[in-house]
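Each step along the sequence shown adds one to the number in UniProt numbering, with nothing skipped, and position 217 is 217.
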Amino acid sequence: MQPELLSVPAQRGPSEPAVAVRPVRFAGLRLVHAALRRDLVRIPTALRLLQPGDEASAEALQRHWDFLTAMLTCHHEQEDVRLWPLLRRFAPELRLLVNWLEDDHHNLDHSFTRTTTLMRVATRDPASAWPVAYAVEELTARLETHLRIEEEQVLPVMAGLLSPQSRVGTLGELLDLLRLADGPSAPDALAWLLEGVAEEQVQALLAECDDLTARQWPHWQAVYARCTEQLWGAAPAGD
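In structure tokens:
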């Protein structure tokens, strides 16, 4: 993830102009990567903090895990259907790598499915949560290797193939695909993707979306914050 997507904006005086935010290529893809990394760090801690009888927190954690895995599945489908065919055609030197990434998508999906079974055990029986937390951390390390390969070897090639005006990999394209898919809703996905992103960058990213999305964003953000407060605690003032 490029730093500008997650940077905290510097404090400005009342008379200072807003800092111009440079658009980020393939923001939709990068935001998914960043959100996965963010939550896969937090989930093991949340598991270890589960207490017997705390059914509300356990159910909230299970719902969030299910949402995260659904977003990962949609992300993989976007790459397998939308991106890899482009690269196989226009960047044949990457064909072997793309084939490996597609196969690894299937392997990761199976691993996440197995971990989902473990999560259901842990959220029903907090005494088993610690081993499951370690399993999530091992899976996170596997996923990190995959994400780094995409970011370091695939996205630079895509940047050379596609014009800056292309919608491939943008946030707007991702939301359109989610609306067509039988997966997470666009409001939930957008709030999840933009959690922790600096306000200036959020506004630049919303400019990639339709007017209705931009108008409804404050409401979606507030609902998401209330729903996740039970998991991670309230966001610091000013976020």
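Glycine included, every Cβ here is placed at the ideal spot set by N, Cα and C.
Q) Where does H219 land, buried or exposed, given buried means 16+ other C-beta within 10 angstroms? A) Counting from 1 along the sequence shown, the entry for residue 219 is found at position 219. Exposed is the call here.
Q. Below 8 Å, can you find three or more Cβ-Cβ pairs linking the region 146 to 153 to the region 43 to 63?
A. When C-beta atoms of the region 146 to 153 are compared with those of the region 43 to 63, fewer than three pairs fall below 8 Å, so the two segments do not count as touching.
(message) At the level of alpha carbons, what is the spacing between T85 and A159?
(response) Position 85 of the sequence shown holds residue 85. Position 159 of the sequence shown holds residue 159. First, the residue type needs correcting, since residue 85 is Pro and not Thr in the sequence shown. Distance from the CA of P85 to the CA of A159, rounded to the nearest whole angstrom, comes to 16 Å.
For this session: With DSSP as the reference, label A35 as helix, strand or coil.
Result: One-based indexing of the sequence shown puts residue 35 at position 35. Reduced to three states, the DSSP call for A35 is helix.
Check: Would W65 be called buried (16 or more neighbouring beta carbons within 10 Å of its own) or exposed?
Finding: The count along the sequence shown starts at 1 and reaches residue 65 at position 65. So W65 ends up on the buried side.
Checklist line | Collapsed DSSP secondary structure at P44 in the structure displayed | finding: The residue given as residue 44 occupies position 44 in the sequence shown. DSSP places P44 in helix when its eight states are reduced to three.
Roughly how many angstroms lie between the CA atoms of D210 and L175, to the nearest whole one? Here residue 210 refers to the residue found at position 210 when the sequence shown is read from its first residue. Here residue 175 refers to the residue found at position 175 when the sequence shown is read from its first residue. For D210 and L175, the gap between their C-alpha atoms comes out near 10 Å.
Point to revise | V132 vs A122 beta-carbon contact at 8 Å | key: Numbered from its first residue, the sequence shown carries residue 132 at position 132. Numbered from its first residue, the sequence shown carries residue 122 at position 122. Between V132 and A122, the C-beta spacing is below 8 Å.
Is S128 helix, strand or coil when you go by DSSP? Here residue 128 is taken as the residue at index 128 of the sequence shown, counted from 1. Under the three-state reduction of DSSP output, S128 falls in the helix class.
Check: Apart from the five residues just before and just after Q216, which ones in its own chain have a Cβ nearer than 8 Å to its Cβ?
Finding: For the purposes of this step, residue 216 is identified with residue 216 of the sequence shown, where counting begins at 1. Within the same chain, and ignoring the five residues on either side of Q216 in sequence, the residues whose Cβ sits closer than 8 Å to its Cβ are P187.
Are the CB atoms of L36 and L68 within a distance shorter than 8 Å?
Taking the first residue of the sequence shown as position 1, residue 68 is located at position 68. Taking the first residue of the sequence shown as position 1, residue 36 is located at position 36. Contact flag set, yes.
Kindly give me the distance between the Cβ atoms of L171 and E195, rounded to whole angstroms, as I take these residues to be in contact under 8 Å.
In the sequence shown, residue 171 corresponds to position 171, counting from 1. In the sequence shown, residue 195 corresponds to position 195, counting from 1. At roughly 14 Å, the Cβ-Cβ gap does not stay under 8 Å, so L171 and E195 are not in contact.
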